[in-house]
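K.L.:
My structure is below; once you've seen it, I'll send some questions.
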Amino acid sequence: MRLGLLTACLPGESLEDIARWAGGHGYAALEVAAWPDRPGRDWEASHLNVEAFGQADADRVAAILDRNGLTLSAVAYYENNLHEDREVREATHAHLRRCIDAAHLLGVRLVGTFVGRDVTLTVAENLRLAEQVLPPLVEYAAARDVRLVIENCPMEGWHPDGYPANLAYSPELWGWMADLGLWLNYDPSHLVWLGIDPLAALEAHADRILHVQAKDVEVHAAARNRYGVFGQVLDKQPWKSGWWRYRIPGLGEIDWRRLIDALHQHGYEGVVSVEHEDPVWSGDPSRVRQGLTIAHRALAPHVHV
2 MRLGLLTACL
12 PGESLEDIAR
22 WAGGHGYAAL
32 EVAAWPDRPG
42 RDWEASHLNV
52 EAFGQADADR
62 VAAILDRNGL
72 TLSAVAYYEN
82 NLHEDREVRE
92 ATHAHLRRCI
102 DAAHLLGVRL
112 VGTFVGRDVT
122 LTVAENLRLA
132 EQVLPPLVEY
142 AAARDVRLVI
152 ENCPMEGWHP
162 DGYPANLAYS
172 PELWGWMADL
182 GLWLNYDPSH
192 LVWLGIDPLA
202 ALEAHADRIL
212 HVQAKDVEVH
222 AAARNRYGVF
232 GQVLDKQPWK
242 SGWWRYRIPG
252 LGEIDWRRLI
262 DALHQHGYEG
272 VVSVEHEDPV
282 WSGDPSRVRQ
292 GLTIAHRALA
302 PHVHV
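In this note's numbering, the protein residues as written are 2 to 306.
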């Protein structure tokens with residue numbers, strides 16, 4: 002097992018600068034962000050230009066990683082593959098295929114993304130839609146020796162009322178995802194605020210976990226008593242529930258010693274990738290790197306046994 006980080010938390014930094022810092026601060030792997038290079042939502046970053054990515058680019062990235070003692074854990078493009086706008090959906094699929102092509106050239110077998118949701122349809126209708134549009138993407142990846150790993154984030158900010166907008170949010174649906182040929186990029190932080198025991202979910206689905214994201218969550222029970230689990234309604238702000246927030250591993254609710262031990266027990270030998278979305282340790286690259294240092298301090302003793 003190795004400790005890595007998702008590069009999306011440093012969108013203004015070059016891949017070479019991130020790799021130099023990560024390799025010099027005890028990290029062993031990078032999950033490299035590959036969103037299109039255009040203005041977008043927070044946490045989008047373009048550290049791989051997959052739209053124009055050839056063997057020379059793959060060689061350059063490999064050299065950067067080698068110089069800094071790092072490996073590549075996955076190509077990261079977490080986007081809505083069931084978007085209600087057909088043109089947006091097709092553009093998302095086209096970019097995902099380019100991510101798969103880049104992963105193939107780089108020799109990394111994982112591309113991370115979301116299932117997503119058409120928010121104009123019911124969950125049942127979305128399941129049928131996914132069964133039509135996702136298998137061709139799975140087949141495209143398999144033909145290039147790549148597998149799609151799906152993060153279990155609810156993506157509630159994509160829904161106008163703050164309900165789950167990524168069908169991978171519930172362990173009930175992880176078996177359905179497996180039937181489509183999709184694997185799991187397991188992030189325990191989302192499960193905690195949904196009221197799900199992350200250890201129980203891990204135990205039940207360990208055979209589908211090919212990648213792990215390390216993010217913590219801080220829950221304010223008194224505020225939840227006011228707003229309920231679906232979050233604040235009046236004066237609502239996107240991506241803010243009013244009663245929970247993401248934190249750096251070790252600063253929230255998750256027992257990382259037990260969780261990583263469970264991964265060890267199930268034979269997981271992949272990367273635990275820090276996904277930094279902590280608002281306390283954000284705001285400028287220096288604070289982000291401080292947050293990543295805190296995360297390394299919390300996780301490294303359990304990962305490197």
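C-beta: ideal position from N, C-alpha, C; glycine also. Keep in mind that this is a model prediction, so the values were computed, not measured.
Going by alpha carbons, who is nearest to Ala92 out of Leu183, Ile65, Trp36?
P.N.:
Trp36
K.L.:
Does Tyr228 come out as helix, strand or coil in the three-state DSSP assignment?
P.N.:
Reduced to three states, the DSSP call for Tyr228 is helix.
K.L.:
Please go through the same chain and pick out, in chain order, the residues whose beta-carbon is closer than 8 Å to the beta-carbon of Arg145, but skip the five residues on each side of it.
P.N.:
Ile101, Asp102, Ala104, His105
K.L.:
Quick check: Ala1 and Arg3, are their CB atoms within less than 7 Å of each other?
P.N.:
An answer regarding residue 1 cannot be provided, because it is not within the stretch 2 to 306 covered by the chain.
K.L.:
For Ala166, which residues in the same chain have their Cβ closer than 8 Å to its Cβ, ignoring the five residues on either side in sequence?
P.N.:
Closer than 8 Å at the Cβ level, and outside the excluded window around Ala166, lie Asn81, Gly117, Arg118, Val120, Pro155, Met156, Glu157, Gly158, Trp159, His160.
K.L.:
So, Val275 versus His212, is the Cβ gap smaller than 7 Å?
P.N.:
no
K.L.:
Could you pull out every residue in the same chain whose Cβ sits closer than 8 Å to the Cβ of Glu254, ignoring the five residues on either side in sequence?
P.N.:
Answer for Glu254: Val193, Asp217, Val218, Glu219, Val220, listed in chain order.
K.L.:
With 16 other CB atoms within 10 Å as the buried threshold, where does Gln238 fall?
P.N.:
exposed
K.L.:
Going by C-alpha distance, which of Phe115, Val230, Glu17 is nearest Met178?
P.N.:
With distances taken between Cα atoms, Met178 lies closest to Phe115.
K.L.:
In the DSSP assignment, find the unbroken beta strand (DSSP E) run with Trp245 in it and report its ends.
P.N.:
That run of the beta strand (DSSP E) goes 245-248.
K.L.:
Spatial neighbours of Gln291 within its chain, please: CB distance less than 8 Å, with the 5 preceding and 5 following residues excluded, ordered by chain position.
P.N.:
Trp282
K.L.:
With burial defined as no fewer than 16 other Cβ atoms inside 10 Å of the residue's Cβ, what is the status of Gly108: buried or exposed?
P.N.:
exposed
K.L.:
For Ala142 and Ala224, what's the separation of their Cα atoms in angstroms?
P.N.:
43 Å
K.L.:
Considering only the alpha carbon of each residue, which of Leu174, Pro137, Val89, Trp240 lies closest to Ala1?
P.N.:
For residue 1 there is no data in the structure shown, the boundaries of the chain being 2 and 306.
K.L.:
Secondary structure at Asn127, three-state DSSP: helix, strand or coil?
P.N.:
Reduced to three states, the DSSP call for Asn127 is helix.
K.L.:
Leaving out the 5 sequence neighbours to the left and right, which residues in its chain are closer than 6 Å to Arg90 when beta-carbon positions are compared?
P.N.:
His84
K.L.:
How many angstroms separate the CA atom of Gly251 from the CA atom of Gln266?
P.N.:
21 Å
K.L.:
What number of angstroms, rounded off, separates the C-alpha of Leu203 from the C-alpha of Asp256?
P.N.:
13 Å
K.L.:
Do you know offhand how far Leu300's Cα is from Arg248's?
P.N.:
If you draw a straight line from the Cα of Leu300 to the Cα of Arg248, it comes to about 14 Å.
K.L.:
Quick one: does Val275 have its CB under 7 Å from some CB of chain B?
P.N.:
The question asks about chain B, but that chain is absent: this structure has only one protein chain.
K.L.:
Considering just the uninterrupted stretch of the beta strand (DSSP E) at Leu185, what are its terminal residues?
P.N.:
184-187
K.L.:
Excluding sequence positions up to five away, which residues of its chain have a Cβ less than 7 Å from the Cβ of Ile197?
P.N.:
Pro172
K.L.:
What residue does the beta strand (DSSP E) around Val33 start on, and which one ends it?
P.N.:
30-34
K.L.:
Got a sec, what are the start and stop residues for the beta strand (DSSP E) Thr114 sits in?
P.N.:
111-114
K.L.:
Thinking C-beta only, is Ala77 closer than 7 Å to Gly24?
P.N.:
no
K.L.:
In the DSSP assignment, what are the bridge partners of Asp217?
P.N.:
Arg248
K.L.:
Counting only runs that start and end within the segment 68-119, where is the beta strand (DSSP E) found for 3 or more residues in a row?
P.N.:
72-77, 111-114
K.L.:
Let me know the secondary structure DSSP gives Val62 once reduced to three states.
P.N.:
Here DSSP, grouped into helix, strand and coil, assigns Val62 to helix.
K.L.:
Ignoring anything shorter than 3 residues or poking outside the segment 246-289, list the beta strand (DSSP E) runs there in chain order.
P.N.:
Entirely contained in the segment 246-289, the beta strand (DSSP E) runs reaching 3 residues are, in chain order, 272-275.
K.L.:
Tell whether a beta-carbon distance below 7 Å holds between Gly176 and Val139.
P.N.:
No, the pair does not count as a contact, with Cβ atoms beyond the cut-off.
K.L.:
Please report how far the alpha carbon of Gly13 lies from the alpha carbon of Ala46, in whole angstroms.
P.N.:
The straight-line gap from Cα to Cα measures roughly 8 Å.
K.L.:
So which of Asp38, Pro302, Val33, Glu52 has the shortest CA-CA distance to Ile65?
P.N.:
Val33
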